[in-house]
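Protein sequences, first through last, are from chains A and B.
Mapping of the first sequence onto full-length UniProt numbering: position 298 corresponds to residue 298, and the numbering continues sequentially without gaps.
Mapping of the second sequence onto full-length UniProt numbering: position 100 corresponds to residue 100, and the numbering continues sequentially without gaps.
I have placed the structure first, in the form of structure tokens, so that the comments after it can refer back to it.
Protein chains: 2
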Amino acid sequence: MKFVKNYRCTLCGREYSKDEKIYTCPECGEKGILDVEYDYEGLKKILTKSYFEHNRDYTMWRYKDVMSIREEDIDKTLKVGWTPLYRSNNLEEKIGIKELYIKDEGLNPTASLKDRASAVAVIKALENNADTIACSSTGNAASSLAGNAARLGLSTVIFVPERAPQGKLAQLLIYGAKVISVKGDYRETFNLSKEAIDHWGWYNRNAAINPHLVEGKKTVAIEIAEQLGWQVPDWVAVSVGDGCTIGGVYRGFYDLLNIGLINRIPKILGVQAKGCCPFYTAYTENEPLKPTDENTIADSISVGIPRNPVKAMRAVEDSKGTWITVSDEAILEAMKTLGSSEGIFGEPAGVAGLAGVFKAVKEGIITKDETVSVIITGNGLKDVKNALKAAGDKIECKPDIEQLKRYLT
Amino acid sequence: MKFVKNYRCTLCGREYSKDEKIYTCPECGEKGILDVEYDYEGLKKILTKSYFEHNRDYTMWRYKDVMSIREEDIDKTLKVGWTPLYRSNNLEEKIGIKELYIKDEGLNPTASLKDRASAVAVIKALENNADTIACSSTGNAASSLAGNAARLGLSTVIFVPERAPQGKLAQLLIYGAKVISVKGDYRETFNLSKEAIDHWGWYNRNAAINPHLVEGKKTVAIEIAEQLGWQVPDWVAVSVGDGCTIGGVYRGFYDLLNIGLINRIPKILGVQAKGCCPFYTAYTENEPLKPTDENTIADSISVGIPRNPVKAMRAVEDSKGTWITVSDEAILEAMKTLGSSEGIFGEPAGVAGLAGVFKAVKEGIITKDETVSVIITGNGLKDVKNALKAAGDKIECKPDIEQLKRYLT
Chain A
1 MKFVKNYRCT LCGREYSKDE KIYTCPECGE KGILDVEYDY EGLKKILTKS
51 YFEHNRDYTM WRYKDVMSIR EEDIDKTLKV GWTPLYRSNN LEEKIGIKEL
101 YIKDEGLNPT ASLKDRASAV AVIKALENNA DTIACSSTGN AASSLAGNAA
151 RLGLSTVIFV PERAPQGKLA QLLIYGAKVI SVKGDYRETF NLSKEAIDHW
201 GWYNRNAAIN PHLVEGKKTV AIEIAEQLGW QVPDWVAVSV GDGCTIGGVY
251 RGFYDLLNIG LINRIPKILG VQAKGCCPFY TAYTENEPLK PTDENTIADS
301 ISVGIPRNPV KAMRAVEDSK GTWITVSDEA ILEAMKTLGS SEGIFGEPAG
351 VAGLAGVFKA VKEGIITKDE TVSVIITGNG LKDVKNALKA AGDKIECKPD
401 IEQLKRYLT
Chain B
1 MKFVKNYRCT LCGREYSKDE KIYTCPECGE KGILDVEYDY EGLKKILTKS
51 YFEHNRDYTM WRYKDVMSIR EEDIDKTLKV GWTPLYRSNN LEEKIGIKEL
101 YIKDEGLNPT ASLKDRASAV AVIKALENNA DTIACSSTGN AASSLAGNAA
151 RLGLSTVIFV PERAPQGKLA QLLIYGAKVI SVKGDYRETF NLSKEAIDHW
201 GWYNRNAAIN PHLVEGKKTV AIEIAEQLGW QVPDWVAVSV GDGCTIGGVY
251 RGFYDLLNIG LINRIPKILG VQAKGCCPFY TAYTENEPLK PTDENTIADS
301 ISVGIPRNPV KAMRAVEDSK GTWITVSDEA ILEAMKTLGS SEGIFGEPAG
351 VAGLAGVFKA VKEGIITKDE TVSVIITGNG LKDVKNALKA AGDKIECKPD
401 IEQLKRYLT
């Protein structure tokens, strides 16, 4: 918290004191998402390569100095972050690029990248003396909030759209959340949650509204940089729904650049599902964002009205990256390819980023001599139904050795 | 590998050279499970507390010197081990013991403790120039083998009993394994796999048969000790099926004691499901192990004929621990309690150890002034059906704020 200077509205640019209890810009309303601004000169003095070499905290809290949280309770949280960044053993050769690194965010405590935001949310709730946190979510934000809150003894109220996969619902219930299943799509879910949060005064974990959550998510980018010895790749690919995660990814690299730990920001590849791609459409048609259908198996990125457009568009634009879409078939194919080539099992939205890399390589957007990191945002166990679809039915029932011999030879 | 002295049969005590290509004792046959013996005097000189303080490899390979593997390919494996050991925030007070530590093995790459054995299996397969590994498994050993093998470009043939949960099957298929679903129970599955392995000469990952796998599993105990600053708890609780994991847990502490890093072995609480408890029965009735029914929701420990009886019985006896059984209802209850109190989601067999702790405290086996570590062996996402059963149906469909107000107030 010490190095936080102030908040600044991403729309109007107004500055607010870090002591103000606001989620969004009071002037611009709900769309006036805030940036947290830091004293980079101060950070430069302590966040050196040598500092990190000697830091033994292998969780996201190793980056606490460049986050907007009070440090008091961080030891009590789930162990979020410092997930593996694998150099590809088999895939990079298969697709023909120089280097491919795979960040397995499915190994976070509740099995998705969202833990990075939820860990911050529970700490902020304690700071604000709240005993209940609420959010609307297509699944992972909710289950991660419920798990992280349970660990700290906080209550949660979760608004989910009806279509959430069973694995994610099971998590919510086991973590003891109050689950409100909303008849409708993500936007109706979001609106009801907002109304309820205003009414009861719960702490708000909706990632777009709450500026601190992107500050949690950005740690995934900082980790990638550190795990690569502060040499960032040419590209970082990530799937995009609401826009908060890609906003966080950009923000992490932006902070590191300003602190002087890296010397450029990687190009960011924003990957959307073909059946729900408001960012891609706005980008290619050079038009403002328009609401779209939510028509993809990748539930975590099935967001027709993204709540964090400014940060997401900025991430791709300022990093000189691009947007791309992938079909549901390509997503299922990527799931199988990643599992069988590297032993990593991602959920549909989790592997969409990789499907985007495959397509970008084919189309020459990513060239053969470039290096790529892809973020697998969630664990495949969260959505077994779609995994079985991806795998096809390949189970053989063979009761004796003779039949087996005929089958295997 | 450098510190491996020889193999010794757990039944007849015969010694074999470490260069022999054997799985079990040639004299005693399949029941002659081998122990790997180490040069503890040599290990004492290098495995000091200071060595570990400076070791930056936060995977199970940080203990490679006390394992029976060649080190050549270990950098290419999935990142197994160094899972969180949480001090309980809320549960220890609830059950009224001095200290409770929870080891979340569900955060391994394929979401179970079995990764520790499978990572060794794939390294041994490479050592033996095998390109295919096979095993029979109730689920986790199989899915972890498939994932770890995929990462190294090895093929897998997996024999599963029909009842394996969907999550585990999905993993197998996504990791590209050849899956043979056997009509019958675990013993029939095991027998068919053995026949096929003999016939085709695949590398054998059946944990009881293969002595190196317990050497992988023991790292969970070594980690617990290191994460507690080499001060072991009074009790370590773990669920038991085949007997290999509990054998590994004992072995880890045994090694540390002989190396001089700890000064006693914790009492080991072996927890079995009431519907499948051959060890418990043999122990309480002081009789040899007899085949039993396999009648529990905890599929990973539903083993009517355990294949590693000697190591399992020795673990409890030599540690002065005890055996206990828990009902399926108690398992489901423990799943809910762990999730809602600590934000950790375990599968049925994964939380059976905790259910055992609850019962042991109630019965005065574990006393109020004792410290306990419990191993949560697998992730709850692997078995969503039972998780939903544990949670009950608590999803509320409330389409508008007025209905919500009535519901929440």
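All C-beta atoms, glycine included, are put in the ideal place defined by N, C-alpha and C.
Since we're looking at a predicted model, the values are computed, not measured.
Query raised in the report: Which partner residues of residue 38 of chain B appear in the DSSP bridge assignment?
Result: B/4
Report task. Using a Cβ-Cβ cut-off of less than 9 Å, give me the residues of the region 178 to 207 of chain B that come near chain A, in sequence order. Result -> 178, 179, 180, 181, 182, 183, 184, 188, 192, 195, 196, 199 and 200
Query raised in the report: Looking only at its own chain, which residues have a Cβ that is under 6 Å from the Cβ of residue 78 of chain A, when we skip the five neighbours before and after it?
Result: 109, 148 and 151
Query raised in the report: Of the choices B/6, B/189, B/144 and B/199, whose alpha-carbon is the least far from that of residue 163 of chain B?
Result: B/189
Query raised in the report: Can a CB atom of chain B be found closer than 7 Å to the CB of residue 348 of chain A?
Result: no
Query raised in the report: Closer than 7 Å, CB to CB, is residue 44 of chain A near chain B or not?
Result: no
Report task. Please confirm whether residue 203 of chain B and residue 133 of chain B have their CB atoms less than 7 Å apart. Result -> yes
Query raised in the report: If we ignore side chains and look at the alpha-carbon of each, how far apart do residue 343 of chain A and residue 268 of chain B end up?
Result: 33 Å
Query - Opening and closing residue of the beta strand (DSSP E) in which residue 269 of chain A lies - result: 267 to 273
Requested in this report: Just confirm the distance between the C-beta atoms of residue 368 of chain B and residue 97 of chain B, as a whole number of angstroms; I'd bet it's less than 8 Å.
Outcome: 6 Å
Requested in this report: Give a yes or no on contact between the region 104 to 119 of chain A and the region 207 to 227 of chain A, applying the rule of three or more CB pairs nearer than 8 Å.
Outcome: yes
Query raised in the report: Does any CB atom of chain A fall closer than 7 Å to the CB of residue 121 of chain B?
Result: no
Query raised in the report: For the region 275 to 356 of chain B, which segments carrying the alpha helix (DSSP H) assignment without a break, of at least 4 residues, lie completely within its bounds, in sequence order?
Result: 278 to 284, 309 to 318 and 328 to 342
Query raised in the report: Going by the CB atoms, is the gap between residue 380 of chain A and residue 387 of chain A shorter than 7 Å?
Result: yes
Query raised in the report: Taking 6 Å as the cut-off, does the CB of residue 144 of chain A come closer than this to any heavy atom belonging to the ligand ADP?
Result: The model on display carries no ligand, and the ligand ADP is accordingly not part of it.
Requested in this report: Quick one: grab the DSSP three-state call for residue 104 of chain A.
Outcome: strand
Query raised in the report: Taking the continuous alpha helix (DSSP H) assigned at residue 144 of chain B, which residues delimit it?
Result: 140 to 151
**Report entry** 6 Å Cβ shell around residue 315 of chain B - same chain, five flanking residues per side excluded
**Finding:** 246, 247, 250 and 268
Report task. Buried or exposed for residue 284 of chain B, please, with buried defined as at least 16 other CB atoms from any protein chain shown within 10 angstroms of its CB. Result -> exposed
Query - Contact under 7 Å by Cβ, residue 158 of chain A with residue 182 of chain A - result: no
Requested in this report: Decide if residue 410 of chain B is buried, meaning its Cβ has at least 16 other Cβ atoms within 10 Å, or exposed.
Outcome: There is no way to answer for residue 410 of chain B, as the model of chain B reaches only from 1 to 409.
Query raised in the report: At a Cβ threshold of 7 Å, is residue 340 of chain B touching chain A?
Result: yes
Report task. Compute the beta-carbon to beta-carbon distance between residue 366 of chain A and residue 331 of chain A, rounded to the nearest angstrom, for a pair I have assumed lies under 8 Å. Result -> No, residue 366 of chain A and residue 331 of chain A are not in contact; Cβ-Cβ is about 18 Å, not under 8 Å.
Query raised in the report: Roughly how many whole angstroms lie between the Cα atoms of residue 113 of chain B and residue 224 of chain B?
Result: 13 Å
Query raised in the report: Mind checking whether residue 276 of chain A and residue 295 of chain A have CB atoms under 7 Å apart?
Result: yes
Query raised in the report: Going by C-alpha distance, which of B/40, B/85, B/306 and B/303 is nearest residue 229 of chain B?
Result: B/85
Query - Reduced DSSP secondary structure (H/G/I, E/B, other) of residue 134 of chain B - result: strand
Query - Span separating the alpha-carbon of residue 347 of chain A from that of residue 255 of chain A - result: 29 Å
Requested in this report: For residue 129 of chain A, go through chain B and note every residue whose CB falls closer than 9 Å to its CB, in chain order.
Outcome: Those do not exist, as residue 129 of chain A stays about 18 Å from chain B at its closest Cβ, beyond 9 Å.
Report task. Can you pull the chain A residues whose beta carbon is under 8 Å from the beta carbon of residue 381 of chain B, in chain order? Result -> 111, 167, 170, 171, 379, 381 and 382
Report task. Determine, using beta carbons only, whether residue 237 of chain A and residue 326 of chain A come nearer to each other than 7 Å. Result -> no
Query raised in the report: Which residues bound the beta strand (DSSP E) around residue 15 of chain B?
Result: 15 to 17
Query raised in the report: Quick one: complete alpha helix (DSSP H) runs, 4+ long, within the region 56 to 117 of chain A?
Result: 91 to 95
Query raised in the report: Which of helix, strand or coil does DSSP assign to residue 240 of chain A?
Result: coil
Query - Close-in-space but distant-in-sequence residues of the same chain around residue 227 of chain A (CB under 7 Å, 5 per side omitted) - result: 85
**Report entry** Closer than 9 Å at the beta carbon, the chain A residues around residue 216 of chain B
**Finding:** The premise fails here: residue 216 of chain B is roughly 16 Å from chain A at the closest Cβ pair, so nothing lies under 9 Å.
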